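Q: My structure is below; once you've seen it, I'll send some questions.
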Amino acid sequence: MQIFPRWTVKIPPMLAAAAALGGPVVLGGVWYYFSPKHTDVGYQPKQPVPYSHKLHAGDLGIDCRYCHTGVEKSAVASVPPTATCMNCHSHIKKESAALAPIRQSAADGSPVEWVRIHKVPDFAFFDHSAHIAAKVGCASCHGRVDQMVHVHQEQPLSMAWCLDCHRDPQPHLRPKTVSVTDMSWKPRPAEVAANDPNTRHDVNPPQNCTGCHR
Ligand code: HEC
Ligand code: HEC
Ligand code: HEC
Ligand code: HEC
Ligand code: HEC
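Count along the sequence shown starting at 1, add 20, and that's the number in this note's numbering.
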């Protein structure tokens with residue numbers, strides 16, 4: 021019998037032992053022994069270019085997927101290459117000082133060093149495409165990005181947060197008529213979702229440890 025699964029080598033030894041032996045974790049319950057160290061809500065690093073989601077995604081209405089091209093097909097959403105910005109900025113605001121690092125990058129091929137904001141630890145597995153296929157919208161996990169001048173982390177991305185939705189996903193599942201990038205859609209009562217023929221009812225998000233720790 022494998023007492024310590026593969027992923028436990030990547031987490032603190034005491035916690036790994038407790039987790040692997042089924043110690044203080046209440047499976048399917050509502051509490052965890054593990055100390056919450058989710059201090060990342062509100063994290064908003066300074067970026068190399070003052071790119072505004074409020075302007076581009078909000079006011080101009082550019083769809084999230086124009087830039088975050090991986091989000092429907094892969095684990096990562098991905099941040100756009102310079103060429104995406106230059107589709108417009110080789111014509112618009114050509115002289116803007118704020119855009120100097122973008123022009124530099126386009127000229128010499130050096131990448132723009134965007135600072136990563138959302139990150140789950142390596143021992144936890146997350147895949148965007150599975151969530152998008154089930155019609156969980158960006159706003160459920162990232163908040164109103166279309167109203168953010170500078171993106172900040174809105175949700176804790178903690179294990180308890182993941183499991184809260186995995187236990188009761190229905191309210192967050194959009195009908196197929198509503199886009200995952202529609203930022204104003206709000207979760208609805210489970211009974212309403214359950215009776216909506218346009219919503220998926222066959223989803224079964226993992227609650228077992230190995231669903232997210234592989
Ligand atoms: C014109 C391109 C563009 C569009 C459109 C766009 N984004 Fe972004 N997005 C970026 C860039 C560039 C970054 C990295 C800089 C930053 O964080 O502001 C980013 C960062 C992010 C991040 C933070 C990534 C991290 O490091 O954790 C999230 C979340 C995000 N975008 C969500 C969205 C959502 C949701 C939409 C649609 C409402 C959207 N974006 C539309 C270009 C875009
Ligand atoms: C679909 C077209 C489009 C794309 C793609 C686009 N932008 Fe823009 N951007 C605009 C428009 C339009 C403005 C506003 C121009 C104005 O204020 O007159 C703007 C303004 C800006 C400004 C403010 C410039 C200033 O001096 O006021 C920055 C910075 C910027 N964009 C960065 C980016 C970055 C970085 C990317 C790529 C991740 C990007 N943009 C992609 C259309 C675009
Ligand atoms: C179910 C929750 C959830 C949904 C829905 C979701 N995200 Fe994320 N997003 C996350 C988590 C968690 C991370 C950190 C992932 C990691 O560290 O591997 C993340 C990271 C990101 C990042 C930075 C890292 C990367 O993957 O490139 C971007 C950009 C992003 N999300 C954009 C989006 C956009 C755009 C949408 C909607 C089309 C979206 N996300 C929908 C939870 C979500
Ligand atoms: C707002 C709801 C929601 C949140 C928040 C959420 N999920 Fe999910 N998750 C789902 C749904 C819905 C599915 C799809 C299940 C299906 O298709 O049967 C899913 C599926 C998954 C799967 C299985 C898909 C696969 O590729 O194996 C994993 C793993 C997963 N989620 C991890 C996470 C992690 C890790 C977090 C937190 C960082 C998280 N989820 C947060 C709703 C959510
Ligand atoms: C829906 C996905 C999901 C499931 C299911 C899940 N976890 Fe986690 N777990 C996570 C995420 C995401 C983190 C990282 C949280 C953070 O960074 O705050 C995590 C963190 C942990 C940690 C580290 C805690 C710490 O404080 O550093 C342990 C130990 C752990 N999980 C054990 C388990 C055990 C045992 C189970 C089964 C009872 C389980 N997990 C089920 C997503 C999940």
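In this text, a Cβ means the ideal position worked out from N, Cα and C, and glycines have one as well. Just so you know, these numbers come straight off a predicted model, no measurement behind them.
Between Asn228 and the rest of its own chain, which residues show a CB-CB distance below 7 angstroms, the 5 nearest in sequence each way excluded?
A: Start at 1 with the first residue of the sequence shown, and residue 228 comes out as number 208. If we look at Asn228 and ignore the five residues flanking it on each side, it has no Cβ neighbours.
Q: How long is the line joining the alpha carbons of Ile82 and Ala97, rounded to whole angstroms?
A: Here residue 82 refers to the residue found at position 62 of the sequence shown. Here residue 97 refers to the residue found at position 77 of the sequence shown. Going from the Cα of Ile82 to the Cα of Ala97 covers about 16 angstroms.
Q: Start and end of the alpha helix (DSSP H) containing Ala187?
A: By one-based count along the sequence shown, residue 187 stands at place 167. Reading off the sequence shown, one finds Arg at residue 187, where the question assumed Ala. Residues 179-187.
Q: Buried or exposed for Cys105, going by 16 or more other Cβ atoms inside 10 Å?
A: Against the sequence shown, residue 105 aligns to sequence position 85. Classification of Cys105: buried, given that the 10 Å Cβ count is 16 or more.
Q: Spatial neighbours of Val61 within its chain, please: C-beta separation below 6 angstroms, excluding the five flanking residues on both sides.
A: As a first step, residue 61 is located in the sequence shown; it is residue number 41 there, counting from the start. Result list for Val61: Gln173, Pro176, in chain order.
Q: In the structure shown, what three-state DSSP assignment does Val50 receive?
A: Within the sequence shown, the letter at position 30 stands for residue 50. Residue placement at Val50 is poorly supported in this model, since its pLDDT is 31, which falls under 50; the coordinates still yield a value, given next. Here Val50 sits in coil by DSSP.
Q: How is Val156 classed by DSSP in three states: helix, strand or coil?
A: Taking the first residue of the sequence shown as position 1, residue 156 is located at position 136. In the three-state scheme derived from DSSP, where H, G and I count as helix and E and B as strand, Val156 is classed as strand.
Q: Tell me which residue opens and which closes the alpha helix (DSSP H) that Gly81 is part of.
A: Looking up residue 81 in the sequence shown gives position 61. Counting along the chain, Gly81 falls outside any alpha helix (DSSP H), and DSSP gives it neither H nor E.
Q: Going straight from the alpha carbon of His111 to that of Ala127, what length do you get?
A: Looking up residue 111 in the sequence shown gives position 91. Looking up residue 127 in the sequence shown gives position 107. Cα-Cα distance, rounded: 15 angstroms.
Q: How is Pro226 classed by DSSP in three states: helix, strand or coil?
A: The sequence position of residue 226 within the sequence shown is 206, counting from 1. DSSP places Pro226 in coil when its eight states are reduced to three.
Q: Taking 7 angstroms as the cut-off, is the C-beta of Pro9 nearer than that to any heavy atom in ligand 2?
A: In the structure as shown, the chain starts at 21 and stops at 234, and residue 9 therefore has no counterpart that could be examined.
Q: Could you tell me which of Asp202, Thr201, Thr219, Val200 sits nearest to Pro209, measuring between CA atoms?
A: Position 189 of the sequence shown, counting from 1, holds the residue named residue 209. Selected option, being the one with the closest Cα: Thr219.
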